[in-house]
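Novice: Each residue of the sequence shown is one higher than the one before, counting from 1 in the UniProt record's numbering. Let me begin by handing over the structure; questions about it come next.
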Amino acid sequence: MFEDNFCGGFCPHEGIDCGGGVGDNVYVAFSDPKENISHLHFPASGTVVDIGAGSGHHAIELALRLREMDGKVIAIDIQKDLLQRVKTEALRLGLDNIETIWGDAEEMRGTELGDASCDAALVSNVLFQLEERDVFAQELWRIVKSGGEVLIVDWSDGFGGMGPKPEVLVSRNDTEALFVRHGFRLKDSFDAGDHHFGILFERVDTM
């Protein structure tokens with residue numbers, strides 16, 4: 001998960017420079033994490049998981065929002081160095097409501113989270129990297145509570161040599177079909193910037 005599909009000039013982990021000069025500010029110009037998470041609903045004192053958290057753009061914004069509600073964020077990634085970046089940024093901002101887990105959501109129970117343990121989930125710039133998308137969707141269904149929301153943000157196309165190659169993109173329609181097939185109900189669909197889409201799902205009781 002997240003290891004084999006890096007492409008020149010672009011790092012799928014939300015703005016990390018892979019040698020092509022694509023930095024954090026460029027990512028934010030493409031898709032604004034603060035705006036994206038405004039579409040996600042969760043209860044006060046809730047737990048939100050960010051799967052494939054990368055360097056933590058969305059996780060940090062979630063933690064800032066949840067801090068006022070006594071909630072927490074769980075940032076999961078398969079790359080330990082990226083999780084360390086999340087920890088470092090959280091420390092710099094004085095955020096104590098972010099937990100990191102080294103895990104692989106392309107394996108059942110690979111997130112190491114309990115059944116129905118999360119109130120909501122966010123997945124940003126991850127789908128196009130996955131080989132086991134069905135397993136990934138099943139793992140999300142397992143860890144999110146009934147009625148909880150899952151927000152998917154991913155690339156709709158590349159731009160100026162940045163972004164994933166066209167052949168690995170997962171379309172909006174295919175994303176909807178994947179999650180509906182695995183026990184989620186479509187709630188909303190929106191443009192998450194000029195080159196990203198966002199889709200909000202709700203977990204239902206039966207797959």
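Where is the CB? At the ideal position from N, CA and C, for every residue including glycine. What you are looking at is a predicted structure, and each value in this text was computed from that prediction instead of being measured.
1) Note down, one range per segment and in chain order, each alpha helix (DSSP H) of at least 4 residues found wholly within the UniProt domain "Methyltransferase" (47 to 156).
2) For the beta strand (DSSP E) that contains Phe-179, what are its first and last residues?
3) Between the region 119 to 138 and the region 88 to 96, can you find at least three pairs of beta-carbon atoms closer than 8 Å?
4) Does DSSP put Lys-187 in a helix, in a strand, or in coil?
5) Three-state secondary structure (DSSP) at His-196?
6) Grab me the residues of Gly-56's own chain with a C-beta within less than 7 Å of its C-beta, minus the 5 sequence neighbours each way, in chain order.
7) Closest Cβ-Cβ distance between Ser-156 and chain B: below 7 Å?
8) Straight-line CA distance for Leu-64 to Asp-119?
9) Thinking C-alpha only, which one of Arg-67, Trp-155, Val-144 and Leu-186 is nearest Ile-51?
10) Could you have a look at Phe-30 and say whether DSSP puts it in helix, strand or coil?
11) Considering only DSSP beta bridges, list what Phe-159 is partnered with.
12) Less than 8 Å between the CB atoms is what I'm expecting for Val-48 and Leu-66, so what's the real figure, rounded?
13) Assuming His-58 contacts Ile-37 under a Cβ cut-off of 8 Å, what Cβ separation, rounded to an integer in Å, is found between them?
14) Between Thr-100, Gly-46 and Ala-105, which lies nearest to Trp-141 when the distance is taken from Cα to Cα?
15) Does the Cβ-Cβ distance between Asp-191 and Leu-200 come in under 7 Å?
16) With burial defined as no fewer than 16 other Cβ atoms inside 10 Å of the residue's Cβ, what is the status of Pro-164: buried or exposed?
Specialist: The relevant details are as follows:
1) Entirely contained in the UniProt domain "Methyltransferase" (47 to 156), the alpha helix (DSSP H) runs reaching 4 residues are, in chain order, 57 to 67, 80 to 93 and 133 to 143.
2) Position 179 of the sequence shown holds residue 179. Looking at the DSSP string, Phe-179 is not in any beta strand (DSSP E); the run it does join, the alpha helix (DSSP H), is 172 to 181.
3) no
4) Numbered from its first residue, the sequence shown carries residue 187 at position 187. Three-state result, Lys-187: strand.
5) By one-based count along the sequence shown, residue 196 stands at place 196. Strand at His-196.
6) On the sequence shown, residue 56 is found 56 positions in, with the first residue counted as 1. Closer than 7 Å at Cβ, skipping near neighbours: Ala-75, Arg-85, Val-86 and Glu-89.
7) Of the protein chains in the structure, only one exists, and it is not chain B.
8) Locating residue 64 in the sequence shown gives position 64, where the first residue counts as 1. Locating residue 119 in the sequence shown gives position 119, where the first residue counts as 1. Taking the straight line joining both Cα atoms gives about 17 Å.
9) In the sequence shown, counting from the first residue as 1, residue 51 sits at position 51. Among Arg-67, Trp-155, Val-144 and Leu-186, the Cα nearest to that of Ile-51 is on Val-144.
10) The count along the sequence shown starts at 1 and reaches residue 30 at position 30. Three-state result, Phe-30: helix.
11) The count along the sequence shown starts at 1 and reaches residue 159 at position 159. Secondary-structure assignment with DSSP links Phe-159 through a beta bridge to Met-162.
12) As a position in the sequence shown, residue 48 is number 48, starting the count at 1. As a position in the sequence shown, residue 66 is number 66, starting the count at 1. Sure, about 7 Å apart at Cβ, within 8 Å.
13) Counting from one through the sequence shown, the residue named residue 58 turns up at place 58. Counting from one through the sequence shown, the residue named residue 37 turns up at place 37. Their Cβ separation, rounded to whole angstroms, is 6 Å, which keeps His-58 and Ile-37 in contact under 8 Å.
14) Mapped onto the sequence shown, residue 141 falls at position 141. Considering only alpha carbons, the answer is Ala-105.
15) Sequence index remark: in the sequence shown, residue 191 carries index 191 (1-based). Sequence index remark: in the sequence shown, residue 200 carries index 200 (1-based). For Asp-191 and Leu-200, no; Cβs fall outside 7 Å.
16) Position 164 of the sequence shown, counted from the start, is the residue given in the question as residue 164. Label assigned to Pro-164: buried.
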